[in-house]
Amino acid sequence: MRLRTSKARRHRHQVKVLKSEVMSPRIAWINFLGALRTLTKITLFIGLLVAVAFGIREAIEYAFHRNPDFQLKAINLSPNDVLDEAELVELLEIDLAANIFDIDVKELESKLMTQPAIAAARVERNLPGTLDFRLTTRKPTAWIACPEEGFPANRRTGSLLVDQEGFTYHCPERQVDVNQSLPILFLSKNEDHPVRAGKILDHPQYTETLRLLKSVVAQSPDEFRAVDTISQANAWSLNLVTRGGTTATFGLGDHARQLGYLGRALDHARRKGYEIGTINLIPRRNVPITVSVDTPPPRAIPISEEALEDTPTRRQTDDLRTLLNRN
C-alpha cells in the first residue's frame, strides 16, 4: 500500500500593484508656486544674513577704523642700542596719521627682523592710539677682522661684530661707542669656512681665539678690557696683544696657568716701571721675555764687558724669569 504525505503544499502568490499619477496643468502650477515660495524664503534669509553682516562690518569700521580716537598718537620704543623713534618710523615707513587698526603689526615685526643687529622684535597696539615696540638687540662679544675677506681690523660703523651665539653682523652706528672695549679676533681666509656677515661663524680659528677670550673673562674680568687683539699664530699657538702693546704667546690649552703667569708678569712690570714687549707663556719654566725700557743717551766713555752684561733690560728680564719660575 502506498503512503501519501499529509503535508500541505503552500504556494506563494505575487501581487502586482500598478501606481499611476495624474498630472494636470492645475497641479503643475500649484507645485511651481510651492517651489517658488520655498526659494523666496531661502533668498530672503540669505539677504537678511548679508544685511546683518554688512551692518556689523559698517559698525566695526565706524567704531574702530574710522574712529578718530584710534588714530596713531604715540610710539613707545624700548631702550636699545640700534634704533631711535625717528629711525624706526623711517625704517618701517609708518604713516603717522594712520589708524592703529589699519597698521599690520606682524608686517612691522617682519621688517624689524630684517635688521641683523635685532635678535627679537614684538609690536603691540595699546588703545586708544599707541604702538609699543619691544626690541631685543644682539650683544656682541668681539670684533671680527679678516682683511682677506674684506673685513678690516677696526672698530667703526659697519665693521663686523660677533655675538654670543656666533652670529656676525655689521656694527650699527649706535653700537660703535659702547663696544670700543671689545677685542678684535683676527681670522685668516678659509675656503671651507668663509667669513660672512649675517651668518653663524664656524671658522676654526674663531673657535680657538674665542676659547682664549672666554678664559680671560672667566679668570680676570677686569683684564678683559686690556685685551686688544687675539690671533692664531700657527697650529699650536695664539697671540694676545694687550692695549699696552705687550704680545703674549699662548698655547691652545692650559690657559688658566698661562694667564696667571701673564698677570704676575704685567703686575711686576708695572710696579718696577717698565713694559713687557713679548712673553711666551707656553713653557712652564724659563719663560722667554723681552722688555722695553727708556735707555739713556750714549756716553763717549768706555764701557766694560761686565757693564754691558749688567743692563737694566737684562736685570728686569732675569727678575721676571725668577718671579715666574718661583711660581
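Residue 209 in this note's numbering sits at position 209 of the sequence shown; the count goes up by one each step and never skips.
C-beta: ideal position from N, C-alpha, C; glycine also.
Exercise. Given a threshold of 16 other Cβ atoms within 10 Å of its Cβ, counted over all protein chains shown, does L240 qualify as buried or as exposed?
Worked result: The residue given as residue 240 occupies position 240 in the sequence shown. With 16 or more other Cβ atoms from the protein chains shown falling within 10 Å of its own Cβ, L240 counts as buried.
Problem set entry | Residues near Y62 by beta carbon distance below 7 Å, same chain, minus five either side | Counted from its first residue, the sequence shown places residue 62 at position 62. With a pLDDT of 49 at Y62, under the threshold of 50, the predicted position of this residue should be treated as unreliable, though the coordinate-derived value follows. For Y62, there are no CB contacts under 7 Å within the same chain when 5 residues up- and downstream are skipped.
For this session: Please say whether A226 and R243 have beta carbons closer to each other than 8 Å?
Result: Walking along the sequence shown from the start, residue 243 turns up at place 243. Walking along the sequence shown from the start, residue 226 turns up at place 226. With contacts defined as CB atoms closer than 8 Å, R243 and A226 qualify as a contacting pair.
Problem set entry | 6 Å CB neighbourhood of L266 in its chain, flanking five on each side removed | Position 266 of the sequence shown, counted from the first residue, corresponds to residue 266. Spatial neighbours of L266 in its own chain (CB-CB distance under 6 Å, excluding positions within 5 residues in sequence) are not present.
Exercise. Taking the C-alpha atoms as reference points, what is the distance between C146 and E275?
Worked result: Here residue 146 refers to the residue found at position 146 when the sequence shown is read from its first residue. Here residue 275 refers to the residue found at position 275 when the sequence shown is read from its first residue. In this structure, the alpha-carbon of C146 lies about 29 Å from that of E275.
Exercise. How about R138 and D177: are their beta carbons less than 8 Å apart?
Worked result: Locating residue 138 in the sequence shown gives position 138, counting from the first residue. Locating residue 177 in the sequence shown gives position 177, counting from the first residue. Against a cut-off of 8 Å, the Cβ pair of D177 and R138 comes out as no contact.
For this session: Verify whether the separation of the beta carbon atoms of L127 and L112 is less than 8 Å.
Result: Looking up residue 127 in the sequence shown gives position 127. Looking up residue 112 in the sequence shown gives position 112. No, these two residues do not count as a Cβ contact at 8 Å.
Problem set entry | Cβ-Cβ distance between G273 and T246 below 8 Å | Within the sequence shown, the letter at position 273 stands for residue 273. Within the sequence shown, the letter at position 246 stands for residue 246. Result no, Cβ atoms of G273 and T246 do not sit closer than 8 Å.
Exercise. What first and last residue would you give for the beta strand (DSSP E) that runs through G245?
Worked result: Your numbering for residue 245 matches position 245 in the sequence shown. Per DSSP, G245 belongs to no beta strand (DSSP E) and is neither H nor E.
Exercise. How about L161 and C171: are their beta carbons less than 8 Å apart?
Worked result: Your numbering for residue 161 matches position 161 in the sequence shown. Your numbering for residue 171 matches position 171 in the sequence shown. Between L161 and C171, the CB-CB gap stays under 8 Å.
Exercise. When the Cβ atoms of the segment 180–196 are set against those of the segment 204–224, are three or more pairs found closer than 8 Å?
Worked result: Contact holds: three or more Cβ-Cβ distances are below 8 Å.
Problem set entry | Range of the contiguous beta strand (DSSP E) that encloses T209 | Residue mapping note: residue 209 aligns to position 209 of the sequence shown, counting from 1. Membership of T209 in any beta strand (DSSP E) is not indicated; the residue belongs instead to the alpha helix (DSSP H) covering 204–219.
Exercise. Since E124 sits in a beta bridge, which residues does DSSP pair it with?
Worked result: Your numbering for residue 124 matches position 124 in the sequence shown. Looking at the DSSP output, E124 sits in a beta bridge with D132.
Problem set entry | Endpoints, the beta strand (DSSP E) within which D267 is located | As a working mapping, residue 267 is identified with position 267 in the sequence shown. Taken as a continuous stretch (DSSP letters only), D267 belongs to no beta strand (DSSP E), being part of the alpha helix (DSSP H) at 255–272.
Exercise. Between G198 and L72, what straight-line distance do the alpha-carbon atoms span, to the nearest angstrom?
Worked result: Translated into the one-based positions of the sequence shown, residue 198 becomes position 198. Translated into the one-based positions of the sequence shown, residue 72 becomes position 72. Rounded to the nearest angstrom, the two C-alpha atoms are 34 Å apart.
For this session: Thinking V105 and E87 are a contact (beta carbons under 8 Å), I'd like their distance in whole angstroms, please.
Result: Here the question's residue 105 lines up with position 105 in the sequence shown. Here the question's residue 87 lines up with position 87 in the sequence shown. Actually they do not touch by this definition, with Cβ atoms about 19 Å apart.
Exercise. Who are the near neighbours of T141 in its chain, counting only those whose CB is closer than 8 Å to its CB and skipping five residues on each side?
Worked result: Position 141 of the sequence shown, counting from 1, holds the residue named residue 141. The residues are V162, D163, Q164, L182, L210, L213.
For this session: Decide if V217 is buried, meaning its Cβ has at least 16 other Cβ atoms within 10 Å, or exposed.
Result: As a position in the sequence shown, residue 217 is number 217, starting the count at 1. So V217 counts as exposed.
For this session: Inspect the beta-carbon positions of L281 and L262 and report whether they are closer than 8 Å.
Result: Numbered from its first residue, the sequence shown carries residue 281 at position 281. Numbered from its first residue, the sequence shown carries residue 262 at position 262. Their beta carbons are under 8 Å apart, which means L281 touches L262 by this criterion.
Exercise. Span of the beta strand (DSSP E) holding A142?
Worked result: Position 142 of the sequence shown, counted from the first residue, corresponds to residue 142. For A142, the enclosing beta strand (DSSP E) starts and ends at 140–145.
For this session: Note down the Cα distance separating I94 from L36, rounded to an integer number of angstroms.
Result: To locate residue 94, count along the sequence shown from 1; it is residue 94. To locate residue 36, count along the sequence shown from 1; it is residue 36. Approximately 55 Å between the Cα atoms of the pair.
Problem set entry | Residue closest to A235, alpha-carbon to alpha-carbon, out of L259, F250, T38 | The residue given as residue 235 occupies position 235 in the sequence shown. For A235, the closest C-alpha among the options L259, F250, T38 is that of F250.
Problem set entry | D329 versus N179, A256, V89, T290, residue with shortest Cα-Cα distance | The question about residue 329 has no answer, for the chain in this structure spans 1 to 327.
Problem set entry | Short Cβ contact (8 Å threshold) for V82 with I118 | Walking along the sequence shown from the start, residue 82 turns up at place 82. Walking along the sequence shown from the start, residue 118 turns up at place 118. Cβ atoms of V82 and I118: closer than 8 Å.
For this session: For D102, name the three-state secondary structure that DSSP assigns.
Result: Start at 1 with the first residue of the sequence shown, and residue 102 comes out as number 102. Three-state DSSP puts D102 in a helix.
For this session: Kindly indicate which three-state DSSP category N234 falls into: helix, strand or coil?
Result: The residue you call residue 234 lines up with position 234 of the sequence shown. Reduced to three states, the DSSP call for N234 is strand.
Exercise. Do you know how far the Cα of A233 is from the Cα of R264?
Worked result: Position 264 of the sequence shown holds residue 264. Position 233 of the sequence shown holds residue 233. Cα-Cα distance, rounded: 23 Å.
Problem set entry | Where V178 falls: helix, strand or coil (DSSP) | Taking the sequence shown and counting its residues from 1, one reaches residue 178 at position 178. For V178, the three-state secondary structure derived from DSSP is helix.
Exercise. Looking at the structure shown, is D228 part of a helix, part of a strand, or coil, going by DSSP?
Worked result: In the sequence shown, residue 228 corresponds to position 228, counting from 1. D228: strand per DSSP, three-state reduction.
For this session: On a CA-only basis, which of W29, A74, A28 is nearest L131? Give me that one, please.
Result: Your numbering for residue 131 matches position 131 in the sequence shown. Ranking the options by Cα distance to L131, first place goes to A74.
Exercise. Out of R155, T43, G150, which has the shortest C-alpha to C-alpha gap to K189?
Worked result: Locating residue 189 in the sequence shown gives position 189, counting from the first residue. Of R155, T43, G150, the residue nearest in Cα terms is G150.
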